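Trainee: Right, I'll just put the structure down here and ask away after.
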Amino acid sequence: MPVPERLEFFIDPNRCIGCNACVQACAECDTHRGYSMIQLDYIDREESTQTVPIICMHCDTPTCAEVCPADAIKRTGDGVVQSARKPRCIACNNCVLACPFGIPKMNSGMNLMMKCDLCYDRTSVGKKPMCASVCPSQALFYGTRAEVERLRPLSRPTNAFQFGAQRITTQVNMMVPVDAPVEHVDVTSAIFEPTVGLSDAGDDSLLSGLFMEEGGA
Amino acid sequence: MRFNPEVGSPGPDGLPNEEQPKWRRDFPIDWPRDEYVGRRDFAKFMVLTSLAFAVGQVWIVVQNFFRSRSGAAPIRAIARVSDLPVGGWRLFNYPQTDHHAILVRLAEDRFVAYDQQCTHLLCPVVAQPERGRLHCPCHNGNFDLETGRVLSGPPPRPLARIRLEIRGGVLYATGVEERAA
């Protein structure tokens, strides 16, 4: 029996059309029904309609798990960083503040951190995650590396990110132009929003959206 | 470099797992490493658990040794024979000082004593010597005055009887007889 090639997740922000299908599909999942674990961010809403979907990148050295004081965030043998274990999570928000990608969300109603676990109920049996199964432009793509190379000749995957002094390698790949001389994606400069005249605007933009509203279904 | 769950990822400082501090090695992020139990750890666990059980057995034996000496009801003077007229009754504390018991003089030389707690729901019973019974007013339970057996009502068992002894005109309580139904 042939061993199936390793399936990987590829995010291609170029192809994102901002349709919100992934957000809806994520909230349909029975393991966290009503709560979407995916973020659809506008890069610069004033200038363009370009959006980028962000799922958990499943870091090789997960910062969220490193800062968890309750040992609630674990990684399974296939490298998927799981959502917080409910009996252990103490809702301390460390992971929410520490994650370079802003993935974990505190559900203040349940006192539980919830985040993308790559649809572990689906991907662990070889199915696509919910978001990748609905994405009409395949900006969220789940498949083998050979497939993505064939389908995206103008892009190449990278999984290295720079967050300040911290270099992060991830299980999830980000597609960059094939001829771009980038070695890594600089997360810090991507999230930096210049503060125009407002001294505390930086704080607000960093902290906004960290919390899920209770009953946000 | 692909992820290897057996080795796990290096720490944030980039050092391999063997060089990480003990707290980080004790609480690995990766489930496979978290659930791994070494033979030495397993043997240590078994030995220490067995030792704890053995020590527990010794502790129980030691406790039993002392309990057999301290658990017996004391012998205590509770009243003078002349204190109580025939057909009279009074309360006393036995075997502990916060435990109420009831003493009844049935005849010139016949006394009975019972635990005052009704065997139904622990209400205090009162003596009614003229009707030959002990009465519990809570749920209308009645006990035979002579023997403590249930005459009527909800109590499931006879009252606990207190053994009495008369020595030189003084009544002594010498023990408690718990009785089944």
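Chains as they are written, first to last, in our numbering: chain A, 1 to 217; chain B, 218 to 398.
The beta carbon of each residue, even a glycine, is placed where N, CA and C say it ideally should be.
If you're wondering where the values come from, they're calculated on a predicted model, not measured in any experiment.
Please state whether DSSP places A21 of chain A in a helix, a strand or coil.
Mentor: A21 of chain A falls in the helix class under three-state DSSP.
Trainee: Which runs of the beta strand (DSSP E), 3 residues or longer, sit entirely within the region 165–195 of chain A?
Mentor: Fully enclosed beta strand (DSSP E) runs of 3 or longer: 166–177.
Trainee: Locate the beta strand (DSSP E) running through R156 of chain A, then write down its first and last residues.
Mentor: S155 to F163
Trainee: In whole angstroms, what is the alpha-carbon distance linking V81 of chain A and D71 of chain A?
Mentor: 12 Å
Trainee: Based on the DSSP secondary-structure assignment, which residues constitute the bridge partners of N359 of chain B?
Mentor: Partner(s): B:H352 and B:S369.
Trainee: If we ignore side chains and look at the alpha-carbon of each, how far apart do D251 of chain B and D243 of chain B end up?
Mentor: Roughly 8 Å separates the two Cα atoms.
Trainee: Could you spell out where the alpha helix (DSSP H) holding P53 of chain A opens and where it closes?
Mentor: Run containing P53 of chain A: none in the alpha helix (DSSP H); it sits in the beta strand (DSSP E), T51 to I54.
Trainee: How is F270 of chain B classed by DSSP in three states: helix, strand or coil?
Mentor: helix
Trainee: For R74 of chain A, which residues in chain B fall below 8 Å Cβ to Cβ?
Mentor: A quick correction: the sequence has Lys, not Arg, at residue 74 of chain A. In chain order: I246, D247, W248 and D251.
Trainee: Are there 16 or more other CB atoms within 10 angstroms of the CB of W240 of chain B, so buried, or fewer, so exposed?
Mentor: exposed
Trainee: Taking the C-alpha atoms as reference points, what is the distance between P100 of chain A and A65 of chain A?
Mentor: 12 Å
Trainee: In three-state DSSP terms, what is N93 of chain A?
Mentor: coil
Trainee: With distance defined between alpha-carbon atoms, name the residue in A:S48, A:N159 and A:L118 nearest to C22 of chain A.
Mentor: A:L118
Trainee: Determine the chain A residues that contact P227 of chain B at a beta-carbon separation under 9 Å, and present them in chain order.
Mentor: D60 and T61
Trainee: Of all Cβ atoms in chain B, is any one closer than 8 Å to the Cβ of G164 of chain A?
Mentor: no
Trainee: When the cut-off is 8 Å and only beta carbons count, does D30 of chain A lie next to chain B?
Mentor: no
Trainee: Checking 8 Å against the spacing of the C-beta atoms, do P249 of chain B and G77 of chain A come in under that value?
Mentor: yes
Trainee: Does the CB of E66 of chain A have a neighbour CB from chain B at under 8 Å?
Mentor: yes
Trainee: Buried or exposed: which applies to T61 of chain A, given that a residue is buried once 16 or more other Cβ atoms fall within 10 Å of its Cβ?
Mentor: buried
Trainee: In three-state terms, what does DSSP make of R380 of chain B?
Mentor: strand
Trainee: Which whole-angstrom value is the C-beta distance of C68 of chain A and N107 of chain A, which I expect to be below 8 Å?
Mentor: Not quite, the Cβ-Cβ distance comes to about 16 Å (not below 8 Å), so this is no contact.
Trainee: Specify the secondary structure class of E101 of chain A as computed by DSSP and reduced to three states.
Mentor: This sequence places Phe at residue 101 of chain A; Glu is not what is there. Here F101 of chain A sits in coil by DSSP.
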